[in-house]
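For what it's worth, our numbering labels the leading residue of the sequence shown as -17, then goes sequentially.
The C-beta atom is built at its ideal place from N, Cα and C for all residues, glycine as well.
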Amino acid sequence: MAAIRIEETAGAQNAAREKTIVKTSVIGIIANVFLAGFKAVIGLMTNSIAIVLDAVNNISDAGSSLITIVGTKLAGKEPDKKHPFGYGRIEYLSAMIISVIVLYAGLTSFVESVKQIIHPETPDYNTVSLVIVAVAVVVKILLGRYVKRVGLRVHSDSLVNSGEDATLDSVISASTLAAAGIFLLFGLSLEAWLGAVISLVIIKSGIEMLRDTISQILGESNDKELAREIRKTVMGFPGVQGAYDLVLNNYGPDTWNGSIHIEVPDTYSADQLDQMLREIQMKVYGEHHVVLTAIGVYSVNTRDEEVIQTKRQVEEIVFAHQYVRQMHGFYLTKEQKKIRFDIVVSFDAKDRRAVYREVLADVQKAFPDYELQVAMDTDFAEE
């Protein structure tokens, strides 16, 4: 029953999120199509290359919103045999496509602006055209803020990118308005030069969007705040003496699977562990919407004072090394003369392997009669 409740809750949340994204994207499409139509007419009537390019940019924004809708629908497909973790990462691909569209729009705008600089044409503004452009600035500012705010709330990179692009468009429209004012007041036409500057800003924005999206597709470090909260939740269970090796795998916005290791007393029975692990999985999902697909267990010596003292000695040796962040999973067996534990070496170390070897050598020197089993772990949420 618990598993069914988790599945039903996740399904309802995903459906609500998809509905919100589609609704926001449709609003963006309608607004951009109308703005593009008005600006195209005004740009052609006034012979303004900047306004025409602005209209083309609005059309690309409408296309971006359409891609967001398609990407969200595809990402919402149920997991299947070929893709058991679902299709959530399609949203990252749609965000990447939007980034490419923005970059392409910037490059083509720059080419057209350069042509206009070489072969300039005199614009012919009128009051009606300038009023419409001014209204367009206000609309794009409001649209950009709305789309980005919704994107941040539902964790949609596609919407966030579209919102940032809309905000950038409002700056572009305001610039064309400023250029028109300068022309009317001083007779100085800055249309083509302004178009070139605007194009460079668009290109820069497209590159940054593309870089961020590719970074997410490649796989970034754990969300530090999320990792911290999950560890706090796990450590809240009686008997859990440590929580380590948290790995979070992202399969799309708000879709996380993970694994973690916990330290528990060596007096725990299998049925006690089974009950605890199930309760941990339920609570972590309920509070953080993360499915812990695996929880490893480290047993902690609690019944032998000599072993407990040895652990303290080993910790002193290990943490004497500058770049060691953690030591966990310690266990000692007197009969077999074995000591096992894991260490986490910081990425700040110039040579992590060298630090590991130094730790191993120092511990072995202190306990020459014991066989060491030491693993080097990674803190995937290292700050």
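In the DSSP assignment, residue 318 falls outside any beta strand (DSSP E), carrying neither H nor E. The DSSP-derived three-state label of residue 77 is helix. With a cutoff of 8 Å on beta-carbon distance, residue 270 and residue 215 are scored as near each other. By alpha-carbon distance to residue 294, the top candidate from 309, 280, 192 is 309.
DSSP, reduced to helix, strand and coil, places residue 310 within a strand of the structure shown. Within the same chain, and ignoring the five residues on either side of residue 322 in sequence, the residues whose Cβ sits closer than 6 Å to its Cβ are 313, 355. Checking the DSSP bridge columns, you'll see residue 359 partnered with 326. If you draw a straight line from the Cα of residue 181 to the Cα of residue 147, it comes to about 13 Å. Look at residue 91 here: in three-state DSSP terms it is helix. Per the C-alpha coordinates, the member of 33, 44, 3, 21 positioned closest to residue 14 is 44. For the beta strand (DSSP E) assignment, the uninterrupted runs of no fewer than 3 residues enclosed by the stretch 208 to 255 are, from N- to C-terminal side, 224 to 232, 238 to 247.
Two segments are said to touch when three or more pairs of C-beta atoms, one from each, lie closer than 8 Å; by this definition the stretch 239 to 256 touches the stretch 275 to 285. If only complete runs of 3 or more residues are kept, the stretch 160 to 198 shows no beta strand (DSSP E) anywhere. For residue 126, there is no enclosing beta strand (DSSP E); the enclosing alpha helix (DSSP H) covers residues 109 to 136. By the neighbour-count criterion, in which a residue is buried when 16 or more other Cβ atoms sit within 10 angstroms of its Cβ, residue 300 is buried.
Nearest to residue 184 by C-alpha distance, out of 87, 0, 42, is 87. In this structure residue 248 is exposed. Its beta-carbon is surrounded by fewer than 16 other beta-carbon atoms within 10 angstroms.
Pairing residue 84 with residue 157, the inter-Cα distance amounts to about 18 Å. Going by C-alpha positions, residue 315 is about 34 Å away from residue 211. The continuous beta strand (DSSP E) containing residue 280 extends over residues 272 to 282.
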